[in-house]
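The working numbering numbers the first residue of the sequence shown as 5 and each following residue consecutively. C-beta atoms are modelled at their ideal positions from N, C-alpha and C, and glycine is treated no differently. Predicted model only: the values in this text are computed from it and were never measured. One structure is given here, and the rest of the page talks about it.
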Amino acid sequence: MFPRDFAWGAGTAAYQIEGGSQADLKGPSIWDTFCHEKGRVFEDQNGDVACNSYELWDKDLECIHQLGLTHYRLSFSWARLLPDGTTRHVNQKGVKYYNKVIDDLLSSNVSPMVTLYHFDLPQALQDQGGWKSPIIAVLFDSYAKFCFQTFGDRVKLWITINEPYVCAKLGNEDGIHAPGIQEKGTAAYLVGHNMLRAHAMAWHSYDSVYRREQKGEVSLAVNSDWLEPLRHDHEEDIAATERNRAFTLGWFAWPVFVTGDYPEIMRCAIEAQSIKVNYSGASRLPRFTSDDPVILGTADFFALNYYTSRKVKPGQGVERNICMKSDRNVEEVLDPSWPICGVSWLAVMPCGLRKLLKYIKETFNNPVVYVTENGFSQVGMLQMEDIQRAGYYKETILEVSKAIQEDGVDVRGYFAWSLMDNFEWADGFSVRFGLFHVDFSDPKLRRTMYRSGKEYSNIIAEYKRNQCK
Ligand code: PNW
């Protein structure tokens with residue numbers, strides 16, 4: 005059972021679906037650049053066309069209607085709206101495009117949730133240092149204010165930044181996402197820091213300038229696996245789990261929801277490692293100063309992206325170089341009984357989501373929660389009758405209802421990832437997360453509902469029937 009006005013959604017991100025990468029004055033983003041470098045993405049694929057939602061938005065809207073969604077989560081392409089990243093030049097065609105999307109949604113009773121930043125920094129800003137440069141917070145705030153001003157009369161749910169953890173680590177430590185930087189043990193912390201500063205500035209702008217009139221809500225979307233000790237009675241495994249939580253969910257949620265600063269466990273681990281390897285530079289995990297915006301309290305709800313679960317034990321601690329891996333010093337283990345769905349990292353544990361929701365309630369002072377992403381992928385042979393994925397959705401959504409009913413977690417919505425198959429970052433089109441199949445070999449990019457999509461639409465329809473009673 006789900007509460008009244010529960011949000012039933014599905015999500016997408018601009019670079020993953022839109023295409024139109026050079027249409028109508030759009031500026032390039034770091035993902036445009038990254039994909040066109042050899043060897044970055046599976047088979048050197050790119051998002052130049054993707055699902056071509058820039059031209060085929062009508063088709064997306066049909067999918068949304070077919071599912072019966074009450075909410076749709078999309079992201080704005082910063083460089084489509086502001087080609088050089090600044091408000092000096094506004095691309096009116098971009099404004100027109102998102103206006104149409106929003107208006108079409110609202111006229112069919114679907115509420116938009118808009119993410120301002122989903123991995124695609126304007127290249128012009130990367131050229132000036134990107135997220136490593138402190139000035140980015142001011143530029144992001146200008147972009148955010150522009151969006152609140154232009155679309156906030158109709159958009160009431162905002163996500164500033166999607167998955168700062170993934171941006172910081174995959175983009176700047178591992179180098180497997182754009183901008184492809186591998187400055188181990190330093191850049192990711194700096195990027196994360198500036199993302200928190202940028203998020204907080206935008207939240208404060210909304211709070212002081214727009215909230216009273218627009219009456220919306222603003223948060224950032226954090227991703228987290230459910231983590232538990234490999235051996236529940238082993239001190240080291242318990243400590244490793246705590247440490248792992250501090251370096252993932254805690255890195256961003258702790259400053260915003262608990263103290264305004266990073267988890268102490270995280271700072272201590274990084275400092276200790278710096279000493280151990282005689283690192284002489286300044287503190288690698290930056291400090292917030294009185295010049296920074298206040299971070300604590302800058303979220304009107306908790307936006308959680310959940311995919312999978314891990315068991316945790318201490319790492320080997322043998323790395324001699326500065327890197328996040330040695331700071332964190334944990335090893336993640338998969339329970340062999342958890343089925344893998346599609347990509348190798350996605351071990352399915354529906355009850356992990358329930359446990360994580362309960363943990364969030366207890367750790368972050370019982371916030372309003374939206375599950376802003378959850379999903380399962382397909383790789384290899386196409387399966388339209390994806391019974392397994394359909395089953396996972398059903399089970400996972402049941403776990404969300406238990407979190408609400410039995411654990412008292414204040415969950416207000418669930419967004420499946422993703423509305424349709426799309427450009428899955430470094431995996432290109434080889435990994436399919438859609439509730440709709442997209443035929444990328446067909447010039448019309450036909451969308452067809454999977455069995456899992458039918459399952460989800462049935463769940464939503466049943467909910468709506470119960471509401472009417
Ligand atoms: C999320 N990982 O990213 C993103 O928000 C989506 O854009 C993406 O399509 C979706 O999850 C599925 O991957 C992630 O390596 C990227 O653990 C990578 C990981 C997790 C989430």
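Three or more beta-carbon pairs separated by less than 8 Å link the stretch 134-153 to the stretch 187-201, which places the two stretches in contact. At the C-beta level, Tyr396 and Cys345 come within 8 Å of one another.
Ranked by Cα distance from Tyr363, the options Gly254, Ile299, Met388 and Trp207 are led by Gly254.
In the same chain as Leu361, and ignoring 5 residues on each side of it, the C-beta atoms closer than 6 Å to its own belong to Ala407 and Val413, in chain order.
Tyr147 sits close to Trp82, with the two beta carbons spaced by under 8 Å. For Val322, the number of other beta carbons within 10 angstroms of its own is below 16, and it is reported as exposed.
Gly15 is positioned such that its CB atom lies closer than 8 Å to that of Thr376.
Per the Cβ contact rule, the stretch 211-231 is not in contact with the stretch 51-71 (fewer than 3 Cβ pairs under 8 Å). The continuous beta strand (DSSP E) containing Lys315 extends over residues Ser313 to Pro318. When C-alpha distances from Tyr193 are compared across Val170, Ile180, His181 and Ala206, the shortest belongs to Val170. Close CB contacts of Trp421 within its chain, under the 7 Å cut and outside five residues either way in sequence, are with Gly15, Glu377, Asn378, Gly379 and Phe437 (chain order).
Ser341 has its alpha-carbon roughly 12 Å from the corresponding atom of Arg314. In the same chain as His203, and ignoring 5 residues on each side of it, the C-beta atoms closer than 6 Å to its own belong to Thr164, Ile165 and Leu224, in chain order. Per the DSSP secondary-structure output, Glu335 pairs in a beta bridge with Lys317.
Ser422 has its Cβ nearer than 7 Å to a heavy atom of the ligand PNW.
For Ser228, the three-state secondary structure derived from DSSP is coil. Per DSSP, the unbroken alpha helix (DSSP H) holding Ile68 starts and ends at Ser57 to Leu71. The nearest non-hydrogen atom of the ligand PNW is 7 Å or more from the C-beta of Tyr210.
Secondary structure note for Ile165: its beta strand (DSSP E) is the uninterrupted segment Leu161 to Asn166. The C-beta distance from Leu161 to Met117 rounds to 4 Å, short enough to fall under 8 Å.
A Cβ-Cβ distance of about 5 Å is found for the pair Tyr76 and Val114, placing them in contact under the 8 Å criterion. When Cβ pairs closer than 8 Å are counted between the two stretches, the stretch 422-442 is seen to touch the stretch 48-58, the count reaching three or more. Secondary structure of Val195 (DSSP, three-state): helix. With 16 or more other CB atoms across the displayed protein chains lying within 10 angstroms of its CB, Arg44 is buried. Counting only runs that start and end inside the stretch 82-147, the alpha helix (DSSP H) elements of at least 4 residues fall at 82-85, 96-111 and 127-130. If you check the CB distance, Val260 and Thr312 do not come in under 8 Å. Residue side-chain check: Asn462 keeps its Cβ at 7 Å or more from all non-hydrogen atoms of the ligand PNW. With a cut-off of 8 Å on Cβ pairs, the stretch 118-137 is not in contact with the stretch 322-340, counting fewer than three such pairs. In its chain, beyond the 5 residues on either side, Ile185, Ala191, Ala192 and Val195 have a beta carbon closer than 6 Å to the beta carbon of Asn176.
Here the alpha carbon of Arg332 sits roughly 22 Å from the alpha carbon of Ala351. Partner residues in the beta bridge of Met424, as assigned by DSSP, are Phe440.
Distance check between Ile274 and each of Val262, Thr263, Pro290 and Gly264 places Pro290 closest, using alpha-carbon atoms only. In this structure, the beta-carbon distance from Leu308 to Thr263 does not fall below 8 Å.
The three-state reading of DSSP puts Met453 in strand, counting E and B together. Of the residues Leu357, Met424 and Gln409, the one whose Cα lies closest to the Cα of Ser381 is Met424. Taking the Cβ atoms as the reference, Gly156 lies roughly 4 Å from Gln218, within the contact range of under 8 Å.
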